[in-house]
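K.L.:
The sequence shown begins at 1 in this note's numbering and counts up by one. There's a structure below that I have some questions on.
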Amino acid sequence: MNSTASPDVTPKARRDTASNLSRQTFPVLEMTCAACAVSVESMLKNTAGVVDATVNYANQSATVEYDPKAVNQEGLQNAIRSVGYDLVIDAEDPQAVQQEAQQRHYESLKKRTLWAGILSVPVVVLGMFFMSAPYANYSMMALSAPVVFWLGRSYFVNAWKQARHGKANMDTLVALSTGIAFLFSAFNTLNPDFWHNRGLHPTERGPHVYFEAAAVVIAFISLGKLLEERAKSNTSSALKKLMGLQPKTVRVVEGSEEQEILIAQVRVGQVIVVRPGERIPVDGLVESGTSFVDESMISGEPVPVEKRAGESVFAGTINQKGSFRFAAQKVGGDTILAQIIRMVQEAQGSKAPVQKLVDKIAGIFVPVVIGIALLTFAAWMLFGGANAFTHALLTSVTVLVIACPCALGLATPTAIMVGVGKGADNNILIKDAESLELGYKVNAVVLDKTGTITEGKPTVTDLNWLANGDDIADKKRILYALESQSEHPLADAVVARLKDDGVTGVLLTDFDSLTGRGVSGRYDERTYLIGNHRLMAERGLADELTKVAALVNRWQNEAKTVVYFANERQLLAVIAIADPVKQTSREAVHTLKKRGIAVYMMTGDNHQTAEAVAQAVGVSDFRAEALPADKAAFVKELQQQGKVVAMIGDGINDSQALAQADVSIAMGRGSDIAMDVAKMTLITSDLNSVPKALQLSKKTVQAIRQNLFWAFIYNIIGIPIAAGLLYPVNGFLLNPMLAGAAMALSSVSVVTNSLRLRSAKL
């Protein structure tokens, strides 16, 4: 990994001195689909002076390697603007500019969708129930015109941009069908006698119009776009929160004084002061002072780590109750936190967004439909006889009307919407469609230990009293008083246990914190101790320790931490503290394995603890003492073996592996960053929701495929009939109104099929 790479998406150049090339990352504006990213990348690669370019649709950014002597930033920007997009250059905070632009686009889309819906309702009512009312057609034309050409103008603009480069997408289909339907309807409204004078009578009441179809298509497709934008708006929030883990300013020691400086000004070797509750700004070594540091973002383990002189500390971790000074060793892009940020970015960027099946089909479907319409027109002009032109025009328009993409546009969004709702009912929050599209393919699941398989909170599992029964109540009060004043993280577990028993403390004297061993205090002229094996041995209680050696050994084999409570003469109690395995974890692992899915466990904890937990839940393949990079590397290794991998985690330390995985699932009680990176979040701590999520994916994908079938079956049958295939046989020409009805029926079929997901069994 290149330690000088920028950890954010702001333009930061890396100059290759050998070839004099510049490599920069720019935010990209106006990308709305994966095809947009392909267009931007293609345009950049074909720009003179550009050696290579990669566009990351997930992060809305483009990484460009170019020769500054051949092309400058303005040249790159102009190239992108020529295809309707934009690059952010020469800004103090390009990421903020990008976010503001995305927010403005989202708000604009939301308003357009709302107004499209409001104006479409009366058009539909008029078209269905009041077609014979005076000026009904003119009223529908007046209401639908702003929907099609103002609120839906982006579809026409984007379709034109695609056409300029010889491409077509869903916007092309929307613009073509709604534009033709509206213009044909407007022509019939303004020239009601045109068809009658040529011997054609579309309806008894006059020429049929399709204003309602044009307006409703714009409203529905806009709603789908809005849902997509809302899901996409949080793509970069995980990176922003990761960056937020590093404080903006730090206190450094200059001579005999402390001075506050910006984090960017910190140099290797400077001595930094960290106070209780503060985040550590850079990586370094402790010089003086002691404290406990919460390193769960690195290790994933809930128990803070004691830090003394010579111990390493890492950026983004949280200091607890003590204060200390440390010397900076790694700053800027060299810190562990910066590496995590970069790896999350790279993992997200290394996977192209899933190419939606609808977009693939539309890319073929659009030119095919246009070709059929043109072929139909030509055939009627050649063989249509006396009314060749009127038949040619009417059948061509009918082909375009019946090919209206309403059902095609609804096929995926409706299934996704119902699937997301079904997931919420089962405590599964789904971030976007990608996870639902891939989840059913998963054949390998990687589980984090702490907070995923286990509860993630140290708890007293065993409290064995050795004192006389009459004295236990008093000893509990003394134990409570000692642990209440202790800074050790495990003390909180003991206090919580005693609180549950209704214990209150006593007033201690001569309280003393014994670094690395425990604490002591006096009560009623007697000294009491609580701490580890070393402290008890130092105080001459070796014989007492022998009495409980077998019990302690058994607890340690069960991956429990043992704490001793004693006075100066005898051992009073032994306490076992552990992070308990969730009751449902074994059942969830069994369910996954029963479905043929390989299950792995990754943890930053020691091998003994990892082995005990793995055995408890039935996992045979596990990795212990794993750093964040190790977890991500293991996921990548499984992917290289051809596996589709789901990663389940709850901490910042899991974010790299979550970003790398094909399907990422965060536990809802975990860190915000893990939940932002993950494509799914489990509201409950019940691991049984994981197999349910994968099953939901399978059901949703089935619904999407069925929807696409219903969306196309009418076209497959209707387009040839609309083109006049039956006319030589029985003189039948498809009425355009029937074509519109077929289009509406396909939409109803799609929505109805999607709603079936509500009753699906997971």
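For glycine and all other residues, C-beta sits at the position ideal for the given N, C-alpha and C.
Suppose you measure from the CA of P27 to the CA of G332; what does that come to, to the nearest Å?
P.N.:
21 Å
K.L.:
For A424, does the count of other Cβ atoms within 10 angstroms reach 16, so buried, or fall short, so exposed?
P.N.:
exposed
K.L.:
Restricting to runs no shorter than 4 residues, where is the alpha helix (DSSP H) found entirely within the region 47 to 73?
P.N.:
Within the region 47 to 73, no alpha helix (DSSP H) run of at least 4 residues lies entirely inside it.
K.L.:
Starting from L638 and walking both ways along the alpha helix (DSSP H), at which residues does that stretch end?
P.N.:
P628 to Q640
K.L.:
Near K321, which residues of its chain fall below 8 Å by C-beta distance, leaving aside the five closest residues on each side in sequence?
P.N.:
P276, S291, F292 and E487
K.L.:
Please report the straight-line C-alpha distance between L694 and I713, rounded to a whole angstrom.
P.N.:
Each residue's Cα considered, the two are about 29 Å apart.
K.L.:
Could you compute how far the alpha carbon of E568 sits from the alpha carbon of D501?
P.N.:
26 Å
K.L.:
Rounded to whole angstroms, how far is the Cβ of L763 from the Cβ of I530, which I believe are closer than 8 Å?
P.N.:
Absent from the structure is residue 763, since the part of the chain shown begins at 1 and ends at 762.
K.L.:
Along the chain, where does the alpha helix (DSSP H) that runs through A610 open and close?
P.N.:
H607 to V617
K.L.:
Residues in its own chain within less than 6 Å of S697 by CB, not counting five upstream and five downstream?
P.N.:
L436, G439 and Y440
K.L.:
On the DSSP bridge assignment, give the partners of G731 in chain order.
P.N.:
BP columns for G731 are empty, so no partner.
K.L.:
DSSP state of F709, grouped into three classes?
P.N.:
helix
K.L.:
On the DSSP letters alone, give me the boundaries of the alpha helix (DSSP H) that Y155 sits inside.
P.N.:
R153 to R164
K.L.:
Quick check: what's the CA-CA separation for Y727 versus L733?
P.N.:
6 Å
K.L.:
Taking the beta carbon of G642 as the centre, do at least 16 other beta carbons fall within 10 Å, making it buried, or is it exposed?
P.N.:
Around the beta carbon of G642, fewer than 16 other beta carbons sit within 10 angstroms, so the residue counts as exposed.
K.L.:
In this structure, does DSSP put E41 in helix, strand or coil?
P.N.:
helix
K.L.:
Measure from the alpha carbon of H590 to the alpha carbon of each residue in V581, V617 and Y564, then state which is nearest.
P.N.:
Nearest option by C-alpha distance: V617.
K.L.:
From the DSSP output, in three-state form, read off K560 for me.
P.N.:
coil
K.L.:
Tell me the DSSP secondary structure of K643 in three-state form.
P.N.:
coil
K.L.:
What are the partner residues of M602, as DSSP defines its beta bridges?
P.N.:
Bridge partners of M602: D448 and R623.
K.L.:
Let me check understanding here. Comparing Cα to Cα, which of R539, I428, L447 and T752 lies closest to K631?
P.N.:
It is L447 whose Cα lies nearest to the Cα of K631.
K.L.:
Since T459 is in the alpha helix (DSSP H), which residue starts that stretch and which ends it?
P.N.:
Run containing T459: none in the alpha helix (DSSP H); it sits in the beta strand (DSSP E), T459 to W465.
K.L.:
Keeping to the same chain, check which residues put their C-beta closer than 7 Å to that of Q556; ignore five residues upstream and five downstream.
P.N.:
V562
K.L.:
Could you say which of D621, P628, A214 and V663 lies nearest to Q639 if we only look at CA atoms?
P.N.:
Residue V663 is the option with its Cα nearest to Q639.
K.L.:
Could you check how far apart the C-beta atoms of D283 and Q329 are, in whole angstroms? I think they sit under 8 Å.
P.N.:
That pair is a contact at about 5 Å.
K.L.:
Let me know the secondary structure DSSP gives S685 once reduced to three states.
P.N.:
coil
K.L.:
Provide the residue span of the beta strand (DSSP E) that contains K330, from first to last.
P.N.:
For K330, the enclosing beta strand (DSSP E) covers residues F324 to K330.
K.L.:
How many angstroms separate the CA atom of V38 from the CA atom of K111?
P.N.:
28 Å
K.L.:
Return yes when the Cβ of V148 is within less than 8 Å of the Cβ of I218, no when it is not.
P.N.:
Yes, the Cβ-Cβ distance between I218 and V148 is below 8 Å.
K.L.:
Can you tell me whether DSSP reads M680 as helix, strand or coil?
P.N.:
Of the three classes helix, strand and coil, the one that applies to M680 here is strand, per DSSP.
K.L.:
Give the range of the alpha helix (DSSP H) segment to which A473 is assigned.
P.N.:
I472 to Q485
K.L.:
Applying the 10 Å Cβ sphere with the 16-neighbour rule, what's the burial state of D543?
P.N.:
exposed
K.L.:
Could you check whether T527 and L687 sit closer than 8 Å to each other, using their CB atoms as the reference points?
P.N.:
no
K.L.:
Ordered along the chain, which non-local residues of its own chain (more than five positions away) have a Cβ less than 6 Å from that of S144?
P.N.:
V123, F211, A214 and A215
K.L.:
Distance check for G75 and Q24, CA to CA, integer angstroms please.
P.N.:
14 Å
K.L.:
Skipping 5 residues on each side, what residues in its chain have a beta carbon closer than 7 Å to that of A136?
P.N.:
L126 and F130
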